[in-house]
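Protein chains: 2
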Amino acid sequence: MTLRLIDRGRPAITRHQVYVTLREAITTAHLVPGRRLSENELARQLGVSRTPIREALALLREERLVAIVPQLGTFVTRVSPAAVADAAFVREALECSAVRLAAERIDAAALGELQANLAAQEQADAAAFDGLDDDLHRTLCEAGGHPIAWSLAHRANGHLDRIRRLSLPDPEYLREMVDEHHDVVAAVARRDADAAERALRHHLRMVPSLLGALRERHPDYFEQEEAA
Amino acid sequence: MTLRLIDRGRPAITRHQVYVTLREAITTAHLVPGRRLSENELARQLGVSRTPIREALALLREERLVAIVPQLGTFVTRVSPAAVADAAFVREALECSAVRLAAERIDAAALGELQANLAAQEQADAAAFDGLDDDLHRTLCEAGGHPIAWSLAHRANGHLDRIRRLSLPDPEYLREMVDEHHDVVAAVARRDADAAERALRHHLRMVPSLLGALRERHPDYFEQEEAA
DNA sequence: CATTGAGTACTAGTATGCAAGCCGCGCTCG
DNA sequence: CGAGCGCGGCTTGCATACTAGTACTCAATG
Chain A
53 MTLRLIDRGR PAITRHQVYV TLREAITTAH LVPGRRLSEN ELARQLGVSR
103 TPIREALALL REERLVAIVP QLGTFVTRVS PAAVADAAFV REALECSAVR
153 LAAERIDAAA LGELQANLAA QEQADAAAFD GLDDDLHRTL CEAGGHPIAW
203 SLAHRANGHL DRIRRLSLPD PEYLREMVDE HHDVVAAVAR RDADAAERAL
253 RHHLRMVPSL LGALRERHPD YFEQEEAA
Chain B
53 MTLRLIDRGR PAITRHQVYV TLREAITTAH LVPGRRLSEN ELARQLGVSR
103 TPIREALALL REERLVAIVP QLGTFVTRVS PAAVADAAFV REALECSAVR
153 LAAERIDAAA LGELQANLAA QEQADAAAFD GLDDDLHRTL CEAGGHPIAW
203 SLAHRANGHL DRIRRLSLPD PEYLREMVDE HHDVVAAVAR RDADAAERAL
253 RHHLRMVPSL LGALRERHPD YFEQEEAA
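For the protein sequence lines, the chains are A and B, in the order given. Heads up, the working numbering is the position in the first sequence plus 52, with the first residue counted as 1. Heads up, the working numbering is the position in the second sequence plus 52, with the first residue counted as 1.
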């Protein structure tokens, strides 16, 4: 009889919970861009010590969601077109490569998962769509045989997540996203790597295109470039 | 294995120095794969407290150069073909995308930098080549307008760095690498994005091909897959 | 002799204390 | 009245103390 290995390496739960909590707060702009964070204050509010707070903030810094300035403070980064473009570039590069592989080697099980996800998206509201979108892209990356692609893309992705979440309430935009998801999965299903890559690339370029509207609604969220 | 005390110059860089020291030790296999690390022991050897050690190890875990198991220990990860393939995939995706952009928009200054680098490589020994190689790839990514590509690729890259460094003493292999660098830069110089991508892709696939020889020389560095 | 159980010596995770440095308010001096 | 300077309160970085939990040693026991 064979027993499955037990997965250790998650019992460090406090740090992870703090990370999830803060990331959620930032990508929903509950913690507004530009806001100053204090490790001490966060520790008080969350009921933990500074140590797990610091470790969570270090991860968020890697995602460019916070900027830590020694002896000065920690700040929620503002939305910057450059950072969004960087994130979009990374995601395009990684996911498009992954989806090409996925189109070549996806199996029936994964394909079924994708289609179930699409069906769920049809009836999802904005909040539910959020999770389903993540799942779909993750499944696509895993189907390509390199789950690390999603892990990295997701990590480089804080800025895009924030844009997306702040823009999602728009139902027309949501409709478009779901349609594009269908296009990608359809191309993968018929093993057409070129079409899948094209569809995904087009899909991923939607998010940066939301910047204009968001800036109109929340100009204070944006980094102000030096006026000449 | 003895690590030298780190120089505590300016504040707020202790963590970084620890990180650089440990990464160097791991990618050169000075700290051999599979070795168990103790935060306390490292703190003693480097003359700092556990805090910066922990923060450096957290970064190295992101690069999958160490594995941290709570209440058990921290270990230098062994070489695994899967991890190497993952790293190669990420680097290919990111750098090939970047080099396409570079071929379109590179300016004379960056091109000059690339060519100066190539000239230096012609006369470099293995140790010097190491740094020049990093510089060349970084410059290529920056020329594409997304420096973050290199920052991410480099970070996903610990496993490849280790393979490369352990294999570099082979002069024939070094010669090949330099030639391939020439091919990539030449394609970029004549604004041929397709050729540049092809050349770079071919170049990046060299590293994983070294796995076989390395396994012969250092089978103990490798993760042993379940023997039947 | 084999097995089991307690005890010990470690581990990383978390909490807390201390040091160095920046910002701004308010006082002092010109 | 205005400008310069010093002090207090804040920040993060680093060091240390404590907790919870694992693996190993070795003796007691069947």
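Think of the CB as a built atom: it goes at the ideal place given N, C-alpha and C, for glycine as much as any other residue. Please read these numbers as outputs of a predicted model, since none were measured by experiment.
Exposure of A:H82 is indicated by the presence of fewer than 16 other C-beta atoms within 10 angstroms of its C-beta.
Note on geometry: alpha-carbon atoms of B:A110 and B:A154 lie some 33 Å from one another. DSSP, read as helix, strand or coil, puts B:R87 in coil. Listed as beta-bridge partners of B:A119 by DSSP are B:F127. A Cβ-Cβ contact shorter than 8 Å links A:V128 with A:R87. Counting along the chain, no alpha helix (DSSP H) covers B:G197, and no H or E run does either.
Spanning the alpha carbons of A:L124 and A:E91 requires a straight line of approximately 11 Å. Nearest Cα to B:L117 within the set B:E76, B:A150 and B:V100: B:E76. For A:V70 and A:A195, the gap between their C-alpha atoms comes out near 30 Å.
Counting along the chain, the unbroken alpha helix (DSSP H) around A:G210 starts and ends at G210 to S219.
Per DSSP, the unbroken alpha helix (DSSP H) holding A:S149 starts and ends at P133 to R157.
For A:F181, DSSP assigns no beta-bridge partner whatsoever.
What A:H82 touches in chain B, judged by beta-carbon distance under 8 Å, is nothing: the nearest beta carbon there is about 26 Å away. Counting the other CB atoms within 10 Å of its CB gives A:Q173 a total of 16 or more, which places it among the buried residues.
For B:E144, the number of other beta carbons within 10 angstroms of its own is at least 16, and it is reported as buried. Between A:A239 and the set A:R227, A:L252, A:R106 and A:M229, the nearest pair of CA atoms involves A:L252. By the neighbour-count criterion, in which 16 or more other beta carbons inside 10 Å mark a residue as buried, A:E268 falls on the exposed side.
Taking all protein chains in view, the Cβ of B:A134 is surrounded by fewer than 16 other Cβ atoms within 10 Å, so the residue is classified as exposed. Taking a C-beta distance under 8 Å as the contact criterion, A:L170 and A:V237 qualify as a contact pair.
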